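Student:
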Amino acid sequence: MKLDELAKLTAKDEEGVTGTIYQRDGDPYLAADGTESTFTVVGAESKRYRDAKLAHQRKMFKRARSGRTITPEEANLDAQRLAAAAVIAWHGWEDGPKALDCTRDNVLKVLAYEHIFDQVSSMIQGHAVFSDSGSGS
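As structure tokens, then:
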């Protein structure tokens, strides 16, 4: 692989890729208007994601230096926060009749559901695959 080609591939991670989110039974989640519920994310090589990852690592080192151990629940929430940093838009997520704004807090509420978190994480890590498959925006 030539380095300039690798640079082009990783540059794609700065672009948003949109993917449908599926229920456990394999059917897509649907918005009130009947369209599929989606997340739009940047990839793991994006500046946004890398900055969030560095901030997370600094926090972890600070915890380690203080002798404080991390619980599994905290580790899970940290992973959700890192994924939330890559979310740049969404569609079809509602609270009753009201559409939810794509805020960090709202994204974290949805990512608390493991099957959704797993799909969003896969989109972030496999960004180039989603982008090349035509499911991107």
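For the sequence shown, the residue numbers in the working numbering are 187 to 323.
The beta-carbon is built from N, C-alpha and C at its ideal position, and this holds for glycine as well.
All values derive from a computational prediction rather than experimental measurement.
Have a look at the DSSP bridge pairing and note the partners of Thr204.
Tutor: Bridge partners of Thr204: Thr226.
Student: Taking the C-alpha atoms as reference points, what is the distance between Asp199 and Val228?
Tutor: Rounded to the nearest angstrom, the two C-alpha atoms are 5 Å apart.
Student: Mind checking Tyr299: buried by the 16 CB within 10 Å criterion, or exposed?
Tutor: By the neighbour-count rule (16 or more Cβ atoms within 10 Å), Tyr299 is not buried but exposed.
Student: Evaluate Thr204 with the Cβ neighbour count: other Cβ atoms within 10 Å of its Cβ, from every protein chain shown; 16 or more gives buried, anything less gives exposed.
Tutor: It is buried - the Cβ of Thr204 has at least 16 other Cβ atoms within 10 Å.
Student: Tell me which residues share the same chain as Ala217 and place their Cβ nearer than 6 Å to its Cβ, disregarding the 5 neighbours each side in the sequence.
Tutor: If we look at Ala217 and ignore the five residues flanking it on each side, its Cβ neighbours are Ser223 and Gly278.
Student: Could you compute how far the alpha carbon of Ala265 sits from the alpha carbon of Tyr215?
Tutor: Near 23 Å, if we compare the C-alpha coordinates of Tyr215 and Ala265.
Student: Would Cys288 pass as a contact of Val273 if the rule is Cβ separation under 9 Å?
Tutor: Cβ atoms of Cys288 and Val273: closer than 9 Å.
Student: Name the one or two DSSP bridge partners that Leu192 has.
Tutor: For Leu192, which the question treats as bridged, DSSP gives no partner whatsoever.
Student: Taking C-alpha atoms, which residue in Lys194, Asp304 and Ile310 lies nearest to Tyr208?
Tutor: Closest by alpha carbon: Asp304.
Student: My understanding is that Ala275 touches Gly202, with C-beta atoms under 8 Å, so please give their C-beta distance in whole angstroms.
Tutor: Their Cβ separation, rounded to whole angstroms, is 7 Å, which keeps Ala275 and Gly202 in contact under 8 Å.
Student: Taking a contact to mean a Cβ-Cβ separation below 9 Å, would you say Leu268 touches Lys239 in this structure?
Tutor: Against a cut-off of 9 Å, the Cβ pair of Lys239 and Leu268 comes out as a contact.
Student: Specify the secondary structure class of Ile130 as computed by DSSP and reduced to three states.
Tutor: A query on residue 130 cannot be resolved here, the shown segment of the chain reaching from 187 to 323 and no further.
Student: Compare the Cα-Cα distances from Met246 to each of Arg234, Gly282 and Glu260 and report the closest residue.
Tutor: Minimum Cα distance to Met246 is reached at Glu260.
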